[in-house]
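In what follows, a single structure is set out as structure tokens and then discussed.
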Amino acid sequence: MEAAVENLWPRELSAERKAYLAQSKIPDVLACNVILLVFATGGLLVRLFVRLRYLTGINIDDVICMSSWVFTFILCFTAMLMTKYGFGKHIGTVSKFSDRAMFLKLDFVTMLAYVLALGTIKMSFCLLYLHIFPGRKFRIGCWLLLAGIVAHTIAETLVVLFQCIPVHKAWDATGLVEGTCVDMNLFYYANFAIKMASDLALFTAPIPKVLQLRMSMGKRMGLAVMFGLGLLVCMTSIIRISYLNTFKVDHTWSMVNAMNWSCVEVAVAIFIACIPSFNTLIIHRFPRLQRLLGLGSNKGASRSSKVYGSSSRRVYDGLSNEPPNSLKLKQMTGESHVDVETSHNESQERIMHAGIQITTAVSVNNKIVSYD
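So for the sequence shown, the working numbering puts the first residue at 2; every next one is plus one.
In structure tokens form, the structure reads like this:
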């Protein structure tokens with residue numbers, strides 16, 4: 002059978018047909034994925050370096066971010082590997098059914114990798130928010146959003162895995178395997194609304210909290226813009242979905258744009274998740290650039306003291322033998338940078354976590370004051 006289908010197209014082709022079949026998007030696929038891997042890898046390395054060198058070490062959100070990078074690497078590498086089996090060329094140039102079957106198998110891998118890469122980086126964002134933002138209602142909302150993202154990722158993974166019954170029909174290039182398959186394009190359109198809603202909730206949720214921080218308006222707006230960059234993920238998702246209706250019989254050619262934008266979506270999400278670490282890196286390694294960009298900390302009013310350490314911070318609990326307005330050390334794990342400014346009735350605590358400077362106002366008026 003292999004010999005019979007070795008040449009599916011006539012030997013004598015018109016000049017137009019030859020020019021058509023000679024078209025190639027392979028350079029686009031390779032360049033796109035190499036650049037995306039460089040950006041995502043660079044961002045992750047900076048994040049890990051900053052966490053290990055300057056902050057509290059590796060946290061669960063970093064581990065989840067690393068797992069997202071692994072799935073992103075699989076996605077981008079597999080997309081490049083697919084070019085060996087016709088991806089980026091017209092289907093008429095792929096004469097062997099074995100090559101077509103391998104193309105479909107690799108496409109199956111990219112679908113799984115995309116779902117897992119995007120789901121895990123969203124989980125990482127939620128866990129980051131839980132680390133740096135206080136507020137009971139906000140934290141409950143984050144936990145609910147995280148649960149929804151986990152459930153949605155599991156459901157989407159199961160749909161991709163069992164899109165065909167039997168499963169191996171998903172990469173059947175001959176059409177001889179009996180069974181049924183889900184219309185994945187229809188599924189992607191139906192799933193798009195859910196995914197877009199979770200994206201908007203995820204990337205806009207921290208903006209009100211950022212605008213409430215006790216820092217200059219310029220810095221608040223800068224942080225808001227930084228978190229708002231997550232909306233770029235929403236934009237790439239919209240662009241990606243717009244290419245799905247172009248899938249035709251010539252899918253080795255027509256799915257290139259959708260695949261490239263899928264890779265862009267997850268790589269950009271990883272890089273955005275690592276942006277706060279660049280702030281800390283600049284502050285510690287490039288002080289001149291820090292002053293140029295205005296990334297230094299605000300200095301407050303009457304009295305200011307800095308505490309650097311790896312063990313504790315002090316909060317007056319109203320029950321100790323220490324005098325009013327004193328600060329009692331409370332055990333903390335890991336290294337942190339705490340900048341405490343006090344006046345007659347209040348103090349401010351700025352804690353660097355994940356490269357984001359958080360300020361909490363604490364009233365000190367002979368009563369119990371505590372926060373997590």
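Beta carbons are placed, not taken as given, at the ideal position from N, Cα and C, and that holds for glycine.
Between which two residues does the alpha helix (DSSP H) harbouring residue i extend?
i	result
Leu230	From DSSP, Leu230 is part of no alpha helix (DSSP H); its letter is neither H nor E.
Leu38	Ile27 to Arg54
Tyr244	No alpha helix (DSSP H) contains Tyr244, which DSSP labels as neither H nor E.
Lys19	Ala16 to Ala23
Asn60	First-last for Asn60: undefined, no H or E at that position.
Gly175	The sequence shown places Thr at residue 175, rather than the Gly named in the question. First-last for Thr175: undefined, no H or E at that position.
Phe287	Taken as a continuous stretch (DSSP letters only), Phe287 belongs to no alpha helix (DSSP H), as it is neither H nor E.
Leu212	Pro207 to Leu212
In whole angstroms, what separates the C-alpha of residue i from that of residue j?
i	j	result
Cys241	Gly142	According to the sequence shown, residue 241 is Arg rather than Cys. Near 28 Å, if we compare the C-alpha coordinates of Gly142 and Arg241.
Ile284	Glu157	41 Å
Leu145	Phe139	10 Å
Lys123	Val183	26 Å
Phe287	Thr73	30 Å
Val64	Leu107	26 Å
Asn192	Leu282	38 Å
Leu14	Leu38	39 Å
Phe204	Gly229	6 Å
Met103	Ala174	9 Å
Leu212	Cys127	18 Å
Ser263	Leu187	17 Å
Ala206	Cys235	14 Å
Ile155	Ala274	22 Å
Ala16	Leu201	49 Å
Leu232	Pro167	38 Å
Thr375	Met260	The requested residue 375 is not part of the displayed model; the chain covers only 2 to 373.
Leu461	Cys77	The chain is shown from 2 up to 373; residue 461 falls before or after that span and cannot be answered.
Val178	Met197	35 Å
Ile59	Ser69	15 Å
Lys19	His153	45 Å
Phe134	Val47	22 Å
Leu214	Ile208	10 Å
Ser313	Tyr55	Residue confidence for Ser313 is low, a pLDDT of 38 falling below 50, so the modelled location carries little weight; the figure read from the coordinates is stated next. Whole-angstrom Cα-Cα distance: 16 Å.
Pro28	Met227	32 Å
Cα-Cα, which of the options is closest to residue i?
i	options	result
Asp1	Thr281, Leu82, Val168 and Leu117	Look at the range of the chain in this structure, 2 to 373, and you will see that residue 1 is not part of it.
Leu131	Arg54, Leu233, Cys235 and Ile61	Ile61
Met185	Ile195, Leu177, Leu201 and Phe163	Phe163
Ile195	Ala16, Val151, Leu214 and Ile271	Val151
Trp254	Gly89, Ala171 and Asp200	Gly89
Leu245	Ser96, Tyr189 and Leu22	Tyr189
Lys26	Val257, Val160 and Leu119	Val257
His45	Asp29, Val160 and Ala270	Note on residue identity: the sequence assigns Leu, not His, to residue 45. Looking at the Cα atoms, Ala270 is the closest of the given residues.
Ser199	Leu119, Tyr55, Leu293 and Phe50	Leu119
Val116	Arg289, Glu266, Met227 and Ser278	Glu266
Ile276	Phe98, Val110 and Arg52	Arg52
Thr57	Ala80, His91, Leu293 and Ser278	Ser278
Leu129	Ala32, Val250, Cys66 and Trp172	Cys66
In the DSSP assignment, what residue or residues form a beta bridge with residue i?
i	result
Cys165	Cys182
Does the distance between the C-beta of residue i and the nearest non-hydrogen atom of the ligand NAP fall short of 7 Å?
i	result
Phe72	In terms of ligand content, the structure shown is empty, and the ligand NAP therefore cannot be addressed.
Please decide whether residue i counts as near chain D, where near means a Cβ-Cβ distance under 8 Å.
i	result
Cys182	In the displayed structure, chain D is absent; only one protein chain is listed.
Which runs of the alpha helix (DSSP H) fall wholly inside the segment 84–155 and span at least 4 residues, in chain order?
-> 98–133
What are the start and end residues of each continuous alpha helix (DSSP H) run of 4 or more residues lying completely inside the segment 248–281, in chain order?
-> 252–255
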